[in-house]
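Structure record follows, encoded as structure tokens.
Numbering (the working numbering), first residue to last: 65 to 197.
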């Protein structure tokens, strides 16, 4: 498992990749793969707000585009421009519930290094999945 301090620093690097001209609120995320590879993601905004995408989803989708799947993912970390813990939005939680193992740890950092760690299942209990269809 990646050291928390390293994950925190990588999340900050990912945050700097954000394109947030409207909210000026940058978020970075890092998917940690079991093979040690790190995949960075950042929020990307558009003036048509519904077309924006969160950092967590960009990182997860990039992992999938590289051919990785939920059993390859060890953890995900994220950080926002805040001294308060920033948690994933509902859309990101839904994506996590389907594309990550429910036991995957989600590390949520503040800009000053405080953290909260929850599993995907703790973030979205009673998730909707393919068995509900």
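Note that beta-carbon positions come from the ideal geometry of N, C-alpha and C, so glycine has one too.
Membership of residue 154 in any beta strand (DSSP E) is not indicated; the residue belongs instead to the alpha helix (DSSP H) covering 154-163.
For residue 121, the closest C-alpha among the options 112, 94 and 145 is that of 94.
Shown here, residue 113 sits in a helix according to DSSP, grouped into three states. Of all alpha-carbon atoms in 160, 77, 76 and 92, the one lying nearest the alpha-carbon of residue 193 is that of 160.
Short of 7 Å from the beta carbon of residue 169, and not among the five residues preceding or following it, lie these beta carbons of its own chain, in chain order: 139, 181 and 183. According to the DSSP assignment, residue 140 belongs to the beta strand (DSSP E) that extends over 137-144.
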